[in-house]
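There are 2 protein chains.
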Amino acid sequence: MKIHNFYAGPAILPKEVIEETSKEILNFAGSGLSIMEISHRSKEFIKVMEEAVSLVRELLGAGDDYEVLFLSGGASSQFFMVPMNLLNEDEKAAYTDTGTWASKAIKEAKLFGNIDVVTSSKADNYTHIPKIPALEDGYIYLHLTSNNTIYGTQYKQFPDVQVPLVADMSSDIFSRQFDINKFGVIYAGAQKNMGPAGTTLVVIRKDLLGRVKRQIPSMLKYENHIENGSMYNTPPVLPVFVSMLTMRWIKKSGGVAAMEKKNIQKSHLLYQEIERNSMFYSPVNQEDRSDMNVCFLLHDRNLEKEFLENCKKEGLVGLEGHRSVGGFRASIYNAMDIDSVEKLVGLMQEFERLKS
Amino acid sequence: MKIHNFYAGPAILPKEVIEETSKEILNFAGSGLSIMEISHRSKEFIKVMEEAVSLVRELLGAGDDYEVLFLSGGASSQFFMVPMNLLNEDEKAAYTDTGTWASKAIKEAKLFGNIDVVTSSKADNYTHIPKIPALEDGYIYLHLTSNNTIYGTQYKQFPDVQVPLVADMSSDIFSRQFDINKFGVIYAGAQKNMGPAGTTLVVIRKDLLGRVKRQIPSMLKYENHIENGSMYNTPPVLPVFVSMLTMRWIKKSGGVAAMEKKNIQKSHLLYQEIERNSMFYSPVNQEDRSDMNVCFLLHDRNLEKEFLENCKKEGLVGLEGHRSVGGFRASIYNAMDIDSVEKLVGLMQEFERLKS
């Protein structure tokens, strides 16, 4: 039975990436060694890192004014590394509060400077993306979470402000087109749209660096990783390798533009059914609904378990909503084909027939 | 042709671990999903994490007074996390300087407290393990690097001091028996004796925590990772999984005692040949020679390239000495069988015949 992988992260990867990884685990680049046991300083792996960086540049349209890093520690480590590297103690940054991850980013940033939460949808249980007011002068950057995995909201357009944007794009990197030149920093844990858990992409505009006065441990300083091409210490070799393969697959499949088209098709199909079906509803403000994580609920929440069981029986896994919100969440990242969404829609329709 | 993997790290893994990983990449625990695309909160992966922790406890003999963590960021991140979590600004810790990695640990620690380098072999180019003098009162811990990958030295016995030891065991964890109760913290990047690059083992005695007054970012605070069973954020799933498989293999192969016996056989065979062979020599003080990384040189260093070429032709790779010291380094970790060392010894003998 085909398993349809709706997990929010770690999440679905392209079948051909999985198959190629399985082979290279046995014999990497014809070296006779596993990709897991070859030196990161071998010419074979240096090529992988170079290709990964070059694919990021190409897929995002990032020019020479940006540096591309593959680090570890997850996006959660960027919550503190960004302000630690960009913000002096007496300076201020603006943050938007659109959910759990945004709140965590705010909490960590407060250790390093003056943090103003300029907008929040917390009072509405994060069911929409709040408007950003005109910013007063003096902010070093504006931080936002481009897609909120837990609440199923997404910035459809990025704000036009006078300061560089810093964005946690963990759950929608490479899923849609945008103008990178608005951004000072983009970071993303790999394990949603880019690869397996274990590496974090950081794209950073060079001119933002070198300003802060605090002492920073070597491993936490962006400049050290830049100078060493993401090999200041041993990088997470396999996660970087699989991320590179996934980006190769995105490029071959038509790039970010093709991903965007396919993602909108999938999300529209599912949101349409949520609207049509008398048993389900979306708690999320219509214009802010995520194309990556579709959150929805049953009017009769007593039936949740039964619907999840039905899904599991048919091979649809990972549909439980985040433990903090309940209900359902269908994560439909780049690697998911439309047939999985059609299958889910079919089960929603069957459930309606069964129960009414 | 069989490739003999002498890389210093990432390094050789057991063949059966590689083969099992290749399979589980396609279908993990019968889930129909890859280990790379399954949620870290799935029951299948939670079992992996639990088994990994329990194997560490068993292999090291760590009791309930110790916590076991799988983090990311490499041992290099522990260089600053240890003092950040254990040492107040006005307190002091003792450090031993036995090579590049020890020096890096010292450099990072200086950001967090008073660091006394109580012994060093730097003046002798790190060719021996220096004696540790009687320590004055008041140190919170004594830090050492149990095995020096670059210089090929190793503590054969750990010092008896009045304070807990903190040890970077990246290159000899699980390779030999020792009494864990001397240690306050043990940390080790996985990519030498434990698994692939991408996770770091931290074993920590609970009573050392909760003392420091500084504010620590959430991701850098040991307590947060302990409270969340190494899942404060998404862990590096695949590196943890492969580390677990490698520890299973160690246990099945007779545990750390059996590893130690095999490692001594291999290193003795190689050091014996270095002593016997008129062309090669070891720069390392005899009683401090590492059983993991055997460093040696040719008297005629002009022949280095030729010897390396001969080795490569026969499938022996990774024998270049670290770029900071040159010569040769044979890393002969747990997973290496004695036949690879015999092959190397054979080539050394052949080279002697050829050149004399």
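Those protein sequence lines, which keep their order, are chains A and B.
Take the first sequence: its position 13, counted from the start at 1, is 13 in our numbering, and no numbers get skipped.
Position in the second sequence (from 1) plus 1000 gives the number in our numbering.
Ideal Cβ positions, reconstructed from N, Cα and C, are used throughout, including at glycine.
Consider the Cβ of residue i: report whether some Cβ of chain B lies at a distance smaller than 8 Å.
| i | result |
| --- | --- |
| A197 of chain A | yes |
| G327 of chain A | no |
| P236 of chain A | yes |
| F241 of chain A | no |
| N334 of chain A | no |
| S340 of chain A | no |
| G318 of chain A | yes |
| N233 of chain A | yes |
| I3 of chain A | yes |
The beta strand (DSSP E) spanning residue i covers which residue range?
| i | result |
| --- | --- |
| L298 of chain A | 293 to 298 |
| I1332 of chain B | Looking at the DSSP string, I1332 of chain B is not in any beta strand (DSSP E), and its letter there is neither H nor E. |
| F1183 of chain B | 1183 to 1189 |
| L1060 of chain B | Counting along the chain, L1060 of chain B falls outside any beta strand (DSSP E), though it belongs to the alpha helix (DSSP H) covering 1043 to 1060. |
| S1120 of chain B | 1114 to 1120 |
| I1180 of chain B | First-last for I1180 of chain B: undefined, no H or E at that position. |
| R205 of chain A | 200 to 205 |
| E1067 of chain B | 1066 to 1071 |
At the level of alpha carbons, what is the spacing between residue i and residue j?
| i | j | result |
| --- | --- | --- |
| I1150 of chain B | V1325 of chain B | 8 Å |
| Y1222 of chain B | F1178 of chain B | 24 Å |
| T98 of chain A | A1011 of chain B | 43 Å |
| D291 of chain A | S1076 of chain B | 38 Å |
| V341 of chain A | Q272 of chain A | 12 Å |
| M36 of chain A | S22 of chain A | 11 Å |
| N147 of chain A | S1253 of chain B | 47 Å |
| M348 of chain A | Q265 of chain A | 18 Å |
| A167 of chain A | N1233 of chain B | 18 Å |
| A1258 of chain B | P1235 of chain B | 30 Å |
| Y1155 of chain B | G1030 of chain B | 44 Å |
| I1115 of chain B | G1346 of chain B | 46 Å |
| L1344 of chain B | H1004 of chain B | 9 Å |
| L201 of chain A | R1353 of chain B | 52 Å |
| N285 of chain A | H268 of chain A | 14 Å |
| V17 of chain A | R248 of chain A | 9 Å |
| N1310 of chain B | A1197 of chain B | 29 Å |
| I250 of chain A | S331 of chain A | 18 Å |
| M49 of chain A | K192 of chain A | 20 Å |
| G9 of chain A | L319 of chain A | 12 Å |
Grab the span of the alpha helix (DSSP H) containing residue i for me, first residue to last.
| i | result |
| --- | --- |
| I1025 of chain B | 1015 to 1026 |
| S1077 of chain B | 1074 to 1086 |
| F1241 of chain B | 1237 to 1252 |
| R1353 of chain B | 1338 to 1355 |
| L1105 of chain B | Before going on, a small fix: residue 1105 of chain B reads as Ala here, not Leu. 1100 to 1109 is the extent of the alpha helix (DSSP H) around A1105 of chain B. |
For residue i, which three-state DSSP category applies?
| i | result |
| --- | --- |
| L308 of chain A | helix |
| H268 of chain A | helix |
| T1145 of chain B | strand |
| K92 of chain A | strand |
| N224 of chain A | helix |
| Q154 of chain A | strand |
| N263 of chain A | helix |
| V161 of chain A | coil |
| D124 of chain A | helix |
| A1029 of chain B | helix |
| N1302 of chain B | helix |
| V1212 of chain B | coil |
I'd like to know if residue i contacts chain A, where contact means its C-beta is closer than 8 Å to some C-beta of that chain.
| i | result |
| --- | --- |
| V1212 of chain B | no |
| Q1272 of chain B | no |
| G1321 of chain B | no |
| S1103 of chain B | no |
Using a Cβ-Cβ cut-off of less than 9 Å, give me the residues of the region 29 to 44 of chain A that come near chain B, in sequence order.
S31, G32, L33, S34, I35, M36, E37, I38, S39, H40, R41, S42
Going along the chain, which residues of the region 134 to 162 of chain A sit with their C-beta nearer than 8 Å to a C-beta in chain B?
none
Within 8 Å of chain B by C-beta, residues of the region 215 to 229 of chain A in sequence order:
Contacts with chain B (Cβ-Cβ distance below 8 Å) from the region 215 to 229 of chain A involve Q215, P217, S218, M219, L220, listed in chain order.
Check distances from the C-beta atoms of the region 1078 to 1109 of chain B to those of chain A and list, in chain order, the residues that come in under 9 Å.
F1079, F1080, M1081, M1084, K1104, K1107, E1108
Give the residues from the region 1007 to 1029 of chain B that approach chain A closer than 8 Å (Cβ to any Cβ), ordered along the chain.
The region 1007 to 1029 of chain B vs chain A, Cβ under 8 Å: Y1007, A1008, G1009, P1010, A1011, I1012, L1013, I1018, E1019, T1021, S1022, K1023, I1025, L1026.
Between the region 262 to 288 of chain A and chain B, which residues of the former have CB atoms less than 7 Å from a CB of the latter, in chain order?
none
Anything in the region 1108 to 1132 of chain B with a Cβ closer than 8 Å to a Cβ of chain A? List those residues in chain order, please.
E1108, L1111
If you measure beta-carbon to beta-carbon, which residues of the region 1180 to 1192 of chain B are closer than 7 Å to chain A?
G1189, Q1191
Closer than 9 Å, Cβ to Cβ, to anything on chain A: give me those residues from the region 1064 to 1078 of chain B, in chain order.
L1071, S1072, G1073, G1074, A1075, S1076, S1077
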